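S.K.:
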Amino acid sequence: MGRVIKFAIVVLAVYAAWHAGAAQWDHFNFQDAARQLTEFGGEQPDDALRAGVIAEAAKVGILLVPANVGITRTADHLYVNINYRRPVQLLPWYRYNWPFSVKLDRWFIPGGHFK
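Residue 106 in the working numbering is what sits at position 16 of the sequence shown, and the numbering runs on without skipping anything.
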């Protein structure tokens, strides 16, 4: 009987790790895509940049609303702050709303282009 309980605990731990790892993997992929958007599309208007971030999130299964994507510009910086919660099924009977955040900072020269 003890082996059955230990086996059940191991199975539940693997189940939780699999789902948590998949959510983290999606977050890393989204974070990379959002970083590329801010690096190579930083001169876009805020609404276009926000729409691009939301579209990249949708590609990996993350649901974002425009209120979750904060964009701030200064004379030579672009700051993008993204906060969202994703439900992760840690156990067959327990779902956890895992908070994620992405903070991006891009320094640039307005109107400057490299050739």
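Beta carbons: idealized from backbone N, C-alpha and C, even for Gly. Since we're looking at a predicted model, the values are computed, not measured.
Please return the same chain residues whose Cβ sits closer than 7 Å to the Cβ of residue 180, not counting the five positions on each side in sequence.
M.R.: Here residue 180 is taken as the residue at index 90 of the sequence shown, counted from 1. Same-chain partners within the cutoff: 106, 109, 110, 186.
S.K.: Determine whether the beta carbon atoms of residue 189 and residue 175 lie at a separation below 8 Å.
M.R.: Residue numbering aside, residue 189 sits at position 99 when the sequence shown is read from its first letter. Residue numbering aside, residue 175 sits at position 85 when the sequence shown is read from its first letter. Taking 8 Å as the Cβ cut-off, residue 189 and residue 175 qualify as a contacting pair.
S.K.: Taking the DSSP output, what are the residues bridged to residue 193?
M.R.: Counted from its first residue, the sequence shown places residue 193 at position 103. Bridge partners of residue 193: 171.
S.K.: Would you kindly work out how many angstroms separate the C-alpha atoms of residue 153 and residue 145, rounded to a whole number?
M.R.: In the sequence shown, counting from the first residue as 1, residue 153 sits at position 63. In the sequence shown, counting from the first residue as 1, residue 145 sits at position 55. Going from the Cα of residue 153 to the Cα of residue 145 covers about 9 Å.
S.K.: Taking the beta strand (DSSP E) that residue 162 belongs to, which residues open and close that run?
M.R.: Counting from one through the sequence shown, the residue named residue 162 turns up at place 72. Taken as a continuous stretch (DSSP letters only), the beta strand (DSSP E) holding residue 162 covers 159-163.
S.K.: Less than 7 Å between C-beta atoms, sequence neighbours within five positions excluded: which residues of the same chain meet that for residue 67?
M.R.: Here the chain comprises residues numbered 91 to 205, so residue 67 is not present and cannot be evaluated.
S.K.: When you compare only the Cα positions, how much space is there between residue 116 and residue 143?
M.R.: In the sequence shown, counting from the first residue as 1, residue 116 sits at position 26. In the sequence shown, counting from the first residue as 1, residue 143 sits at position 53. Looking at the two C-alpha atoms, the distance is approximately 14 Å.
S.K.: Strictly by DSSP, which residues pair up with residue 176?
M.R.: By 1-based counting over the sequence shown, the position of residue 176 is 86. 188, per the DSSP bridge assignment.
S.K.: Could you check what DSSP says for residue 181 in three-state terms: helix, strand or coil?
M.R.: Along the sequence shown, one-based indexing puts residue 181 at 91. It is a strand residue.
S.K.: Should residue 98 be labelled buried (16 or more other beta-carbon atoms within 10 Å of its own) or exposed?
M.R.: As a position in the sequence shown, residue 98 is number 8, starting the count at 1. Exposed, because fewer than 16 other Cβ atoms sit within 10 Å of the Cβ of residue 98.
S.K.: On a CA-only basis, which of 147, 101, 100 is nearest residue 122? Give me that one, please.
M.R.: Here the question's residue 122 lines up with position 32 in the sequence shown. Nearest C-alpha to residue 122: 147.
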